[in-house]
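Quick note, the sequences are listed as chains A and B, same order. First residue of the first sequence: 2, per my numbering; consecutive thereafter. First residue of the second sequence: 5, per my numbering; consecutive thereafter. Positions of the beta carbon are idealized from the N, C-alpha and C atoms, including for glycine. Structure, as structure tokens:
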Amino acid sequence: MSTRLPVVGDDPVFSAEQPSSPRVLERAQYTVEVVSDSGEGAQSCGQILGTVSAKMGNGVWTVEIIPAEVQPPPRNPAGASGNRVRIGSGPVTNWGDRTDLIVAFNEQALLARHRLDALEPGAVILIESMWQDHDDEGIRAEWSAAMEELGAAGYRIIHVPAHEQCLALTENPYLGKNMFMLGILTELFDRDTALIGAQIRHRFRKKDESVAERSIDLLELGIAWARENLDFRVSVPPVPGDRDMVVMNGNQAVALGAVAAGMELAAMYPITPATSVSHQLGEMFERFGGIVHQAEDEIAAAGVAIGASYAGKTAFTITSGPGLALKTEFLGLAVMTETPLVLVDVQRGGPSTGLPTKVEQSDLLAAIFGQPGDAPHVVLAPATIEECFHVMVTARRIAETFRALVIVLSDANLATGVQPFPRPELDQAWIASAPDQSPVPEGKAPYAWDEQTGLSQRFIPGQPGGMFTVTGLAHDERSKVAYTSDINQWSSAMRSRKIAVLGQTLRPPSLNGDDAGDLLIVGWGSTKGAIEEAVARARDEGLSVSSLHLTFLSPLEPGLAEIFSRFQKVMTVEINYSDEPDGPFVTHQNRRRGQLSWLLRAQTLVDVDCWTRVLGEPLRPGAILEVIRSNCGAGGER
Amino acid sequence: MSAVCSLFQLHDESREYGMGDYEGAQARWCPGCGDHSVLSATQRLLARENLPPEKTVFVSGIGCSSRFPHYINTYGFHGVHGRALPVATGVKLHRPDLHVFVVMGDGDCISIGAGHWIHAIRYNVDMVALLLDNEIYGLTKMQTSPTTPQGYVTNTQPRGSYLPPMNPIEATLGVTNASFVAQTAEWVPAHMLATMEAAYRHPGFSFVRILQRCPHFTDDLFGELPKHPERVQLLVHEHGIDLEALEGRFPNRLAHDPADLDEARRLAEDASVIRLGVFFRDDSRPRYEETRHLPAYTAPEKLELLERELDRYAV
Ligand SMILES: Cc1ncc(C[n+]2csc(CCOP(=O)(O)OP(=O)(O)O)c2C)c(N)n1
Ligand SMILES: [Mg+2]
Chain A
2 MSTRLPVVGD
12 DPVFSAEQPS
22 SPRVLERAQY
32 TVEVVSDSGE
42 GAQSCGQILG
52 TVSAKMGNGV
62 WTVEIIPAEV
72 QPPPRNPAGA
82 SGNRVRIGSG
92 PVTNWGDRTD
102 LIVAFNEQAL
112 LARHRLDALE
122 PGAVILIESM
132 WQDHDDEGIR
142 AEWSAAMEEL
152 GAAGYRIIHV
162 PAHEQCLALT
172 ENPYLGKNMF
182 MLGILTELFD
192 RDTALIGAQI
202 RHRFRKKDES
212 VAERSIDLLE
222 LGIAWARENL
232 DFRVSVPPVP
242 GDRDMVVMNG
252 NQAVALGAVA
262 AGMELAAMYP
272 ITPATSVSHQ
282 LGEMFERFGG
292 IVHQAEDEIA
302 AAGVAIGASY
312 AGKTAFTITS
322 GPGLALKTEF
332 LGLAVMTETP
342 LVLVDVQRGG
352 PSTGLPTKVE
362 QSDLLAAIFG
372 QPGDAPHVVL
382 APATIEECFH
392 VMVTARRIAE
402 TFRALVIVLS
412 DANLATGVQP
422 FPRPELDQAW
432 IASAPDQSPV
442 PEGKAPYAWD
452 EQTGLSQRFI
462 PGQPGGMFTV
472 TGLAHDERSK
482 VAYTSDINQW
492 SSAMRSRKIA
502 VLGQTLRPPS
512 LNGDDAGDLL
522 IVGWGSTKGA
532 IEEAVARARD
542 EGLSVSSLHL
552 TFLSPLEPGL
562 AEIFSRFQKV
572 MTVEINYSDE
582 PDGPFVTHQN
592 RRRGQLSWLL
602 RAQTLVDVDC
612 WTRVLGEPLR
622 PGAILEVIRS
632 NCGAGGER
Chain B
5 MSAVCSLFQL
15 HDESREYGMG
25 DYEGAQARWC
35 PGCGDHSVLS
45 ATQRLLAREN
55 LPPEKTVFVS
65 GIGCSSRFPH
75 YINTYGFHGV
85 HGRALPVATG
95 VKLHRPDLHV
105 FVVMGDGDCI
115 SIGAGHWIHA
125 IRYNVDMVAL
135 LLDNEIYGLT
145 KMQTSPTTPQ
155 GYVTNTQPRG
165 SYLPPMNPIE
175 ATLGVTNASF
185 VAQTAEWVPA
195 HMLATMEAAY
205 RHPGFSFVRI
215 LQRCPHFTDD
225 LFGELPKHPE
235 RVQLLVHEHG
245 IDLEALEGRF
255 PNRLAHDPAD
265 LDEARRLAED
275 ASVIRLGVFF
285 RDDSRPRYEE
295 TRHLPAYTAP
305 EKLELLEREL
315 DRYAV
């Protein structure tokens, strides 16, 4: 079938042409990447592999590899677009360190990954070979240079004549090659072709039927090619679990969680990486009686959500860092008027436009302290895709019970990562009840603050006898503008007290590892899986390390100072910027630290150190392991 | 703004409301401020339309005029500067059963809130938007506003305001999907009430610019006008406003069919005379909230639907 032999490495085991019985590599974990120019469909190829693997019972974690531009120049390392899929026998909680196998549509995308140290030494590379003897001399030269650079690294490079193969079925292999490549992966990992086919059909459901049919023909072509030409297979046998599972990404989970919480209005303005929540909601929300309102800007989106919340069920708005900045004034209004509001910030790199498609955890302090004036409110961060679902139910409940603003900090890693998790056992109690329209008893005030808790019951338009005007001006319990000095002191205390009350209802965080030891790693948000994997590896090495992951950042979970006192050293691991302690001009006092460590130091008076990186990618467990090794028993900054 | 069938409890139709039912806190505007007369006309309108106070919401921004909701006994939302319209949109999207009014100053609506203003016109959500235009920033003490006349001396432009003023009527008429655009003056209460009533009854976003006296800062702009009816031209039409009672006082009348958008734009552009009346109305323009379908489900029904949705993600 193939006119050119796949080039294989020096290893004689792999050199067989048309292997009769391929070698099967049994692995508990295996990581695959698919990269192409953007628009060539490496992403859907990777996504389908991930989804089908999850459906077959494997643990999965996927991460999108996204260029910032929609259509970057072709064959450019900066334009590499695709997906990493880490497949496991059991649960997979993070993207891992490096990839074991990569499918690349051109050598420049491949180079990008190589230069980012994304490939395991000895990784298998399946590279589209059409560029090798391309008509364009420049391209041929680029290919040779790339092969030279890659050659030194000891990868096993296999040429795939995908373009040429696909020409048998399509005039334009650039559209459809991804299905051929998916076929190769299907064969390599022995994926269920019926499930793959169903995913393909779902993806093209809005197009002419012939598109899906041709894609499946290309898939089969890929399978056949792999069968004839590849001398190995990879087996990651799933360990069957006893729970029903669902598989989705974090933004889908947020959207479904919002529905499960009974929320009915989402207001937003498009911004990566938050937008896909609205795509998801746009498809289904109205079937549940909900509205996705695409506002004229983020400020308006916040205003619409506040207006909707004020008049009925808690609404939410969803954004990323630049949008969070714009919404600031309205957030203060929500706090001042005690209008329930949920804001989801799917964080990306900042400041300013920053790294629009990449993960970062740099909005923590802005989320907690970013509103001028004293604006006490709640900030929480889901750590897994599953938590992205459930956090919406929690957020909605807290917002309503405490008449509070609740900010949910997700990030690009959770937003686009796909992971299976136990199917939520839906509960009617999660769903917001219809707004109270009963008459308000005479003499009752719209901010009848309970002195102990600061809580009060809001009046909702439509309630007879409850007419009053909410105002962003300082006001008394009847919502009358404050003209005497003590009212502001008192009402500020009431708004603050609610948050203290919520803090008292929280449980102290549980520890991963021993209750005491040399080192405690503290994290928040999407880094949980990578931190815990690193801690497990370190403990296997005999190191005395534990970790703790915070969901509530404001108010902080209780008992932290006491927990910290049981460890020689405490440090946070975060995806935001901090000065290196030995950097020029950096002193112990002026060092700019990771955002959580800043917070923990202020709240616990413990000298919490930090290790942070802003590389535009999720943290690698291997990198965290290095940090643990060099900090265990070191005593650190204390 | 039309009555909408309620998802929520229907009000007691038999109850008759009077002006007194809408009385809120004592208004703290300056004596002689035009906002007082807008307030009375509004209370009169509510009584005439018999709107239950609990089913009525006044949303405002920040400014002297935006204190309005405090002084009327309905639900009120006194928000942030320039952003009353998004809040009102949220109220109406979630609660189509409520009667929503928006009160804005000229700085509030035309300057800081300009983006929301333009888009609210296009959304055409069923509500009444009142622009209380005193052609100055009142609350912050006499800074130039987008509608301040050129050459007018203010605290921020002491050599006289530099640019020709914006024309809110012209601008509104220029926005796609504008559906009701009118101008009135608070010193002609009968006209103001009739205009507000037409605005209230119009299904869609009704934009009413109310020329408003500010005796404290801009007395020389509108202060003399009540004595000079000849400087005013009434636009009259059976589909707009045509008040017999005003015939004697305002002899300068022009028949204008509010269905004629081109003529409305031409009239709005010509600043030689102050025109009061309905410039344009079209009750058939698409309303944003109508495009949003809201099936009302019970919690168990929602759970069932969500289970089916989760099935799609099942492993
Ligand atoms: C974000 C913000 N910017 C500025 C202000 C200050 N401010 C309050 S009212 C106002 C202008 C008021 O003028 P206008 O809207 O015409 O209302 P008026 O007082 O004349 O009725 C300004 C600039 C504010 N409250 N908030
Ligand atoms: Mg003004």
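In this structure, B/Ala203 and B/Val212 form a Cβ contact; the two beta carbons are roughly 5 Å apart against a cut-off of 8 Å. If you keep only unbroken beta strand (DSSP E) runs of at least 3 residues inside the stretch 123-208 of chain B, you get 131-137 and 184-189. Chain-order list of chain B residues neighbouring A/Met285: Glu313, by C-beta distance under 7 Å. The criterion of a C-beta distance shorter than 9 Å is satisfied by A/Leu415 and A/Thr385. The beta carbon of A/Ala81 sits closer than 7 Å to the beta carbons of Val36, Ile66, Pro68, Ala110, Ala113 and Arg114 from its chain, once the five residues preceding and following it are set aside; these are given in chain order. Between A/Asp375 and A/Ser457, the CB-CB gap reaches or exceeds 9 Å.
The alpha-carbon of A/Ser492 is positioned some 22 Å away from that of A/Ala368. Annotation: B/Thr188 has no Cβ neighbours in chain A at a cutoff of 7 Å; minimum Cβ distance is about 25 Å. For B/Ser276, the number of other beta carbons within 10 angstroms of its own is below 16, and it is reported as exposed.
Residue contact check for B/Glu58 against chain A: a CB pair falls below 9 Å. Within 8 Å of the C-beta of B/Ser64 there is not a single heavy atom belonging to ligand 2. Take the alpha-carbon of A/Ala146 and the one of A/Ala154: they are about 14 Å apart. Contact between B/Ile116 and B/Gly94 does not hold, since the beta-carbon distance rounds to 18 Å and is not under 8 Å. For A/Phe460, the nearest beta carbon of chain B is closer than 9 Å to its own beta carbon.
In summary, the residues of the stretch 299-331 of chain A whose CB is separated from some CB of chain B by less than 9 Å are Ile300, Ala301, Ala302, Ala303, Gly304, Val305, Ala306, Ile307, Gly308, Ala309, Ser310, Tyr311, Ala312, Gly313, Lys314, Ala316, Glu330 and Phe331, in the order they occur in the chain. Residues are counted here when their Cβ sits less than 8 Å from a Cβ of chain B; for the stretch 463-474 of chain A these are Gly463, Gln464, Pro465, Gly466, Gly467, Met468, Phe469, Thr470, Val471, Thr472, Gly473 and Leu474, given in chain order. Closest in C-alpha terms to B/His40, from the list B/His82, B/Ile125, B/Ser183 and B/Met196, comes B/Met196. No heavy atom of ligand 2 is found nearer than 8 Å to the CB of B/Cys37. When secondary structure is reduced to three states using DSSP, B/Gly109 falls in the strand class. Contacts with chain B at 9 Å (Cβ-Cβ) do not include A/Ser457.
Counting C-beta atoms within 10 angstroms of its own C-beta, B/Asn256 has fewer than 16 neighbours from the protein chains shown and is therefore classed as exposed. Interface with chain A (9 Å Cβ-Cβ cutoff): B/Lys145 is excluded. Among the residues of the stretch 103-124 of chain B, those with a Cβ less than 7 Å away from any Cβ of chain A are Gly119, His120 and His123, in the order of the chain. Interface residue (Cβ-Cβ distance to chain B less than 9 Å): A/Arg288 is classified as such.
DSSP, read as helix, strand or coil, puts B/Pro57 in helix. The beta carbon of B/Val61 is closer than 6 Å to those of Tyr79, Val95, Leu102 and Val104 in its chain, skipping five residues each way along the sequence. Unbroken alpha helix (DSSP H) stretches of 4 residues or longer found wholly inside the stretch 250-306 of chain B: 265-273, given in chain order.
Sixteen is the threshold: when 16 or more other Cβ atoms of the shown chains lie within 10 Å of the Cβ of A/His476, as they do, the residue is buried. Here A/Pro238 has Glu27 and Ser90 as same chain residues with Cβ atoms under 8 Å from its own Cβ, once five neighbours each way along the sequence are excluded. Per DSSP, reduced to three states, the secondary structure at A/Ser82 is strand. Between B/Val107 and B/Ser70 a beta carbon distance of about 6 Å is seen, short of the 8 Å cut, so the two are scored as contacting. Rounded to the nearest whole angstrom, the CA to CA distance from B/Pro172 to B/Gln147 is 18 Å.
Across the set B/Thr151, B/Leu225 and B/Tyr75, the C-alpha of B/Tyr75 shows the shortest separation from the C-alpha of B/Tyr26. For A/Leu220, the enclosing alpha helix (DSSP H) has its first and last residue at Glu210 to Asn230.
For A/Thr402, there is no enclosing beta strand (DSSP E); the enclosing alpha helix (DSSP H) has its first and last residue at Ile386 to Thr402. Under the DSSP definition of a beta bridge, A/Ile197 lacks any partner.
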